[in-house]
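Structure first, then comments.
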Amino acid sequence: MIKVRKVGRIALGAKDLDKQTAFYVDHWGLGITEEADGKVYLRTAAPEHNAVTLGRAEETGLQELGLEVGSADDLERAATELANAGVRIEKVPGPADRPGAKRNLRLRDPDGNAVELYWGDDKVSEDYGDRNVKPLNLSHVVIRTTDVDRAYAFYKDVFGFKESDWNGHHMVFLRCNEVHHQLAFVARTKAGLDHVAFEVNDFMDIAKGVFYLGDKGVPRLWGPGRHGAGNNLFSYFWDPEQNIIEYTTDLIRIYDDSTWTPRVWPGRDTIDLWKQGPPPVMRE
Ligand SMILES: [Fe+2]
3 MIKVRKVGRI ALGAKDLDKQ TAFYVDHWGL GITEEADGKV YLRTAAPEHN AVTLGRAEET
63 GLQELGLEVG SADDLERAAT ELANAGVRIE KVPGPADRPG AKRNLRLRDP DGNAVELYWG
123 DDKVSEDYGD RNVKPLNLSH VVIRTTDVDR AYAFYKDVFG FKESDWNGHH MVFLRCNEVH
183 HQLAFVARTK AGLDHVAFEV NDFMDIAKGV FYLGDKGVPR LWGPGRHGAG NNLFSYFWDP
243 EQNIIEYTTD LIRIYDDSTW TPRVWPGRDT IDLWKQGPPP VMRE
């Protein structure tokens, strides 16, 4: 089994790259690290080279999920294990074919999502300037799947993710480190991105985001509220191409697996403990 250290990055297709870049920099609070080959590499306040890559494309949405592993050896082992498991590898391990990492490989998961395994994140030390809210890091990615059990089994068996909680039998929350969920899958009739969440300092940051983005005419989709599973405070918005993005804080950390028992949350009533139900687009 390959031990994934972190869900470190996501690549999104951008139909209008300039507009998407301006949104994520000016409104959402990210900073540009680098632009190359029709892609823009964006970072949070964390020192990693990029947490989000926007790539010019005909379709918006999930282009690639980036999972960090702990060493170059892990990447080599991953290639062997993936091949043995019959997983389609689209780039064999070698020097990274993008800025910001030393080595990577690429594969497809059972839903057909492109997944990058990478090692050797470049660090960026200089500050990228003031923003209304500066996300601290990429908190989690939620992906819609046509088979939630298959998705869970794949990420558990191949990458070592552990189940933290479920919403009914339609949403599984997975961890690969102490964060309650850096990855989750939700059962839907069509696979694709559900949402991308960015961690912020506290509820005051979420409130600042609500007011600032409201003032800028950015549509707020849901929240503020607090989820049952993960206990995190949230507010969801649309980006200009209708990707769902979230500011979140207070997400549970699990430092000792022996202290944690996954539970099945009943769903509709506990998905928002503040009792504002999810909007239709996020309803099961
Ligand atoms: Fe979320």
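At position 255 of the sequence shown (counting the first as 1) the number is 257 in my numbering, and the numbers step up by one without a gap.
Every residue gets a Cβ at the ideal spot worked out from N, C-alpha and C, and that includes glycine.
Bear in mind that the values here come from a model prediction, so they are computed numbers and not experimental data.
Taking 8 Å as the cut-off, the C-beta of Thr251 does not count as close to any heavy atom of ligand 1.
With fewer than three CB-CB distances shorter than 8 Å, the stretch 265-284 does not count as touching the stretch 206-219. For Glu180, the shortest separation between its Cβ and any heavy atom of ligand 1 does not lie below 8 Å. Lys8 sits in a strand when the DSSP states are folded into three classes. The three-state reading of DSSP puts Asp196 in strand, counting E and B together. Residue nearest to Met206 within the set Val220, Leu176, Ser73 and Tyr249 is Tyr249 (criterion: CA-CA distance). Non-local C-beta neighbours of Arg110 in its own chain, meaning closer than 8 Å and more than five positions away in sequence, comprise Val89, Arg90, Glu92, Ala116 and Val117, ordered along the chain.
Rounded to whole angstroms, His142 and Val9 show a C-alpha spacing of 7 Å. The shortest CA-to-CA distance from Asn245 to any of Ala16, Leu253, Glu78 and Gly227 is the one to Ala16. Counting along the chain, no beta strand (DSSP E) covers Val212; the unbroken alpha helix (DSSP H) around it starts and ends at Phe205 to Asp217.
Closest in C-alpha terms to Ile12, from the list Lys5, Glu66 and Ala103, comes Glu66. No heavy atom of ligand 1 is found nearer than 8 Å to the CB of Val9.
In terms of CA proximity to Thr35, Pro49 leads the group His29, Gln22 and Pro49. Comparing C-alpha distances from Ala87 to each of Ile4, Trp240 and Leu69 shows the shortest one belongs to Ile4. In terms of Cβ geometry, Pro137 and Gly225 do not form a close pair [threshold 9 Å]. For His197, the number of other beta carbons within 10 angstroms of its own is at least 16, and it is reported as buried. Within the model, the alpha-carbon separation for Trp267 versus Gly96 is close to 42 Å. The set of residues with CB atoms less than 5 Å from any heavy atom of ligand 1 reads, in chain order, Ala199 and Glu248.
By the CB criterion at 9 Å, Asn52 and Leu77 fall outside the cutoff. A straight line joining the alpha-carbon of Val144 with that of Gly269 spans about 16 Å.
Straight-line spacing of the CA atoms in Gln22 and Asp241 works out to 8 Å. The C-alpha of Thr272 is placed about 33 Å away from the C-alpha of Leu56. Counting along the chain, the unbroken beta strand (DSSP E) around Asn139 starts and ends at Asn139 to Thr147. Counting of Cβ neighbours within 10 angstroms places Thr191 among the exposed residues, the total staying below 16.
Contact check for Glu180 against Thr251 fails: the beta carbons are separated by 9 Å or more. Checking the DSSP bridge columns, you'll see Met173 partnered with Asn169 and Val188.
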